[in-house]
Structure formats: structure tokens, C-alpha cells
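Q: Starting off with a structure, shown below.
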Amino acid sequence: MSLSTLRIIGFILGIFLITLAIAMLVPMVGLLVMNQPQDLNAFLWSSLITAVTGCFLVGQGRPKNASLRPRDMYFLTSASWIVVCTFGALPMVLIEHMSYTDAFFETMSGITTTGSTVLSGLDNLSPGLLLWRSLLQWLGGIGFIGMAVAILPLLRVGGMKLFQTESSDWGDKIMPRSHVAAKYIVLVYFTFTFACIGAYLASGMGWFDAINHALTTVSTGGYSTSDNSMGKFSDAAHWAAIPFMLLASLPFTLYVAAFRGNLRPLWKDEQVRGFLLILCGIWFVFTLWQWHSGDHAFMDSLRLVMFNSTSIITGTGYAVGDYSLWGSFAFMIFFYIAFIGGCSGSTTGGLKIFRFQVALTLLRGNLKQMVHPRAVLIQKYNRHVLDEDIVRSILAFSFFFTITIGLLALALSLLGLDPITALTGAATAVCNVGPGLGETIGPAGNFGSLPDTAKWLLSLGMLLGRLEIVTLLVLLTGAFWRH
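What follows is the structure in C-alpha cells.
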């Protein structure tokens with residue numbers, strides 16, 4: 053990688069750090085409004101350190117006539133998440149006097165919208181720190197991506213390419229100019245956020261809780277202001293959260309198309325219809341099972357099932373009660389749907405619905421080919437012909453996704469973690485879901501008791517899951533570093 057390439061990457065990372073330093077001012081404003089200035093110095097010093105580092109990188113200048121190749125985008129994408137997490141952890145270290153390992157884990161979990169936490173006693177935690185955790189998830193959901201798509205074209209760097217390396221969105225371009233697309237994406241994101249705040253306020257939440265939970269709902273992050281997660285709040289708040297978790301799990305590019313007057317793609321998109329069909333099926337079967345076997349009335353069973361299953365399948369990670377105590381059937385259902393995720397181009401993690409649908413399309417085609425060996429079959433998905441590049445990328449990702457979870461679970465078990473904690477911890481990290489299963493890291497627990505090595509491994513798993521694995525793995529190949 054040439055010196056000019058490193059300089060332009062450093063220049064862009066500097067812009068990200070300056071943006072992060074500005075974001076650190078938001079909790080400071082919140083603390084002043086709430087008349088709790090005790091943690092202002094921590095955010096002030098964190099912001100100054102981050103801003104000075106960002107200004108130093110920007111001050112090196114951008115080389116003239118320099119541009120990034122498509123493969124350089126993979127390095128930029130990986131570096132941006134690591135650098136942002138490195139500096140985003142500073143307020144947690146200064147406020148809670150946490151170890152840097154815990155602070156980095158919490159920040160990586162926030163910025164990747166995973167939602168796993170090492171903190172307890174959230175109800176009595178500093179309001180500035182609670183707001184910072186929520187803001188990290190909101191920025192990680194779509195904010196940094198939208199900003200990158202808006203800024204990089206101005207630097208003559210392909211912004212949509214960066215968006216694709218993070219979101220796996222391989223659909224049609226929604227607009228001819230990527231920075232225009234970014235403006236609409238950010239506008240949709242803001243609209244959902246403010247609408248979610250209004251819905252939570254209407255459900256009886258206070259302003260502080262409503263703002264925090266709106267930031268982490270729209271980003272499908274799942275950080276809460278209470279150890280009881282959403283179980284602390286009213287039934288109306290649970291019903292208010294469900295539609296916004298769903299909206300955030302659908303492709304934002306389709307919202308942009310709808311915003312511009314073209315509603316057809318949103319209703320005709322196969323992954324949208326497939327995702328809603330799967331979720332409705334889970335709601336129906338699981339509600340009947342829970343109602344029949346539990347002590348809840350039908351509407352309570354419906355609410356608990358809809359909320360918890362939507363939270364897990366979208367990777368949000370909220371919890372109402374400890375659903376791991378619902379029985380072995382519920383245990384397996386929640387474990388399975390954690391792998392699914394939402395749609396490509398959304399804020400969710402997991403395998404994404406379209407990969408399951410393409411795999412089913414390929415399976416049907418292979419079965420037909422076995423019956424009619426000489427037939428020429430044209431396989432399509434979402435009205436597009438499935439070419440070899442798409443099929444190859446899906447197979448490669450699915451393979452490495454599974455292998456990553458398996459190897460991470462094996463490494464965690466070597467550290468002494470029990471099988472359920474190791475397996476579900478690895479799965480929830482790579483799928484960016486949040487809580488695992490079992491007594492230690494389940495909905496009623498947290499990751500604070502795990503050894504430091506396990507937290508670093510899980511942080512790597514969260515980053516791999518957020519960047520869809522191959523974006524980071526390509527950096528380990530010799531071909532990437534050769535001219």
C-alpha cells in the first residue's frame with residue numbers, strides 16, 4: 053500500500069474522529085440540561101483527545117490526484133471501525149474507571165449495534181454515559197455509513213462502495229449520485245428516530261428514557277437504561293417498539309425509493325415479503341405454544357412473543373423477562389432465529405434473509421436439474437438473474453460465517469466457559485444480536501464476568517459480524533498487500 057494511499061486513508065479517518073469528537077458534545081449538553089455536571093470533564097477530555105488526533109490526521113493533508121482503489125475500501129472500512137472504537141471507549145474509562153478491555157468491549161458492542169454489555173446497575177449509572185452508549189449505537193446503525201456515503205464522493209472516493217462493504221446491499225442503485233442517496237438515507241433515519249421518540253413518550257416513558265431507547269431501537273442496537281431492559285416499562289412501550297424494530301430491519305434504500313414516490317419496490321421486494329412471512333409464522337406458532345403452556349392471557353402471550361422474537365431476529369437484543377426460562381422449545385427457537393437477521397441494506401446483523409432465499413432458489417433449481425438433466429434453467433431472485441458472482445459470494449460468506457462462530461465458540465470453551473455460554477456467546481457476537489442464552493450471558497445476565505481474553509475475542513467476533521467477515525478476512529490475504 054503506497055504512502056499516498058495511507059495519507060488519504062488517514063485523512064478520512066481524521067474526519068471520522070473529528071465527527072466522533074463532536075458527537076461527544078451531545079452527552080455534555082444532556083448533562084447540562086439535566087443539571088448533573090459531574091461527568092463533564094470526562095467527556096471534555098475525551099472530546100479534546102479525539103479531536104486533536106483527528107485534526108493531526110487531517111492536517112497531514114490529502115495528496116493531490118490521489119484516489120482509493122476498490123480494494124482499499126476494505127482496509128478503510130475495517131480501520132474506521134477499529135479507530136472509532138479505540139477513541140469512543142475513552143469516556144467510559146474516565147467516568148466509570150473501567151478497565152480498557154471492558155470499555156473497548158462496551159464500545160465495540162455499541163458501535164456494531166450488538167448490544168452485549170459488561171455493565172450492571174444501569175438504573176443508577178451516569179446519565180451522560182447512558183446517553184453516550186445509546187448514541188454510539190445510533191451512529192453505528194446508519195449514521196457513520198450515511199456520513200461516509202455523503203463525504204467520500206466529495207473526496208473523489210466511492211461512497212456507495214463503502215456502504216456495500218458494510219451493509220451487503222447489492223441491490224439496484226437508487227440514485228445516480230451517492231451523496232444524494234446519503235442525504236435521503238440520513239433523512240429517513242432521523243425521521244424514524246424522532247417518530248420513535250414520540251411513540252415512546254406517548255407510551256408513558258420519560259424524556260430521557262424515550263430518547264435513549266429511540267436511539268437504540270432504530271439502530272437495532274438494544275442498549276437500555278435499565279438492567280431490566282424494556283421489562284421496566286409499560287406494555288404500551290413494548291407495542292411501540294415492535295414496529296420500529298421492524299422498520300429498521302428493512303432495506304433503507306427502498307425507503308429512499310418510496311420517499312421519492314416509488315412505493316412499488318417496498319411492496320414487491322422478495323426479501324421484505326420473505327422476512328415478514330417468517331416473522332408472522334414465528335408469531336403465530338410461538339404465541340399459540342406460549343398461550344397454551346404458560347400462565348399468561350392471550351394478549352400478554354402475543355405481546356411477549358412478538359416483542360422478544362422481533363428483538364432477537366432483528367438483532368436488537370431488548371428483552372422483556374428472561375425468555376430462556378420459557379422451556380427448551382423457546383430456547384431453540386430463539387437460538388435459531390438469532391442467525392436470520394433482517395434484510396440487506398438495513399441496520400441488522402445476522403445472515404440476512406436474502407441469503408436464505410437465494411439458497412432455497414438454488415436448491416429448487418438443482419432438484420429440477422436432477423429430474424431434467426438437459427434442461428437449461430435460468431434462476432432468478434428479486435426479478436434478477438442469479439449470476440455466478442452473487443452465488444459465489446453467498447456461498448463463501450455462509451461458509452465463513454459458520455466457521456467463524458464455530459472457531460470462536462471453540463476458543464471461548466478453551467478459556468473455561470461452559471458450552472452454552474461459549475456457543476451462544478459466539479453466535480450472538482457474530483450475529484450482532486446482544487444477549488446470549490444461559491445464566492451467565494442470558495437476558496438476565498451480562499458479559500462482565502467473562503475473562504478479558506474472552507471479551508477481546510468477542511469484540512473481534514462483533515467486528516467480523518458487522519463487516520460481514522470477508523471484508524476483514526481479505527486483509528489477511530497476501531494478494532491484498534501485493535501490487
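Heads up: the sequence shown runs through residues 53 to 535, numbered per our numbering.
Idealized CB from N, CA, C, for every residue including glycine.
Predicted model only: the values in this text are computed from it and were never measured.
Roughly how many angstroms lie between the CA atoms of F336 and F406, to the nearest whole one?
A: 22 Å
Q: Just to confirm, is the Cβ distance from R185 to E158 under 8 Å?
A: yes
Q: Alpha carbon to alpha carbon, how far is H436 from T153?
A: H436 and T153: Cα-Cα distance of roughly 46 Å.
Q: DSSP on K432, reduced to helix/strand/coil?
A: strand
Q: Closest by CA to F246, which one among A131, I263, V145?
A: I263
Q: Starting from F465, trace the alpha helix (DSSP H) both ways and give me its first and last residue.
A: Looking at the sequence shown, residue 465 is not Phe but Ser. Where S465 is concerned, the enclosing alpha helix (DSSP H) stretches over 440 to 466.
Q: Starting from the C-beta of Q323, find all residues in its chain whose C-beta is less than 8 Å away, skip the five residues before and the five after it, and write them out in chain order.
A: P303, C395, S396, K404, I405, F406, Q409, N434
Q: So for V104, helix, strand or coil by DSSP?
A: Of the three classes helix, strand and coil, the one that applies to V104 here is helix, per DSSP.
Q: Taking the alpha-carbon positions, what's the G326 to E491 distance?
A: 33 Å
Q: Quick check on S276: buried or exposed, where buried means 16 or more other Cβ atoms within 10 Å of its Cβ?
A: buried
Q: Any beta carbon of chain C sitting closer than 8 Å to that of R444?
A: Any reference to chain C falls outside this structure, which holds one protein chain only.
Q: Starting from L329 and walking both ways along the alpha helix (DSSP H), at which residues does that stretch end?
A: 322 to 345
Q: Within 10 angstroms of the Cβ of E218, are there 16 or more other Cβ atoms? Answer buried if so, exposed if not.
A: Reliability of the predicted coordinates at E218 is poor, the pLDDT of 46 falling under 50, and the value obtained from them is presented with this limitation in mind. E218 should be labelled buried.
Q: My understanding is that V522 touches A448, with C-beta atoms under 8 Å, so please give their C-beta distance in whole angstroms.
A: Rounded, the Cβ-Cβ distance is 6 Å, consistent with contact.
Q: Okay, do the region 329 to 343 and the region 234 to 249 touch, 3+ Cβ pairs below 8 Å being the bar?
A: no
Q: Note down the Cα distance separating C107 from G477, rounded to an integer number of angstroms.
A: 38 Å
Q: Rounded to the nearest angstrom, what separates I389 and A288 at their Cα positions?
A: 25 Å
Q: Output needed for S168: all residues of its chain with C-beta closer than 6 Å, excluding positions within five of it in sequence on either side, in chain order.
A: These residues qualify, in order along the chain: S161, G486, F499.
Q: Considering only residues of the same chain and omitting the five flanking positions on each side of L464, which have a CB-CB separation below 7 Å?
A: A474, G477, A478, A506, L509
Q: Where does V372 fall in DSSP's three states?
A: coil
Q: Considering only their Cβ atoms, is the gap separating S281 from Y370 smaller than 8 Å?
A: yes
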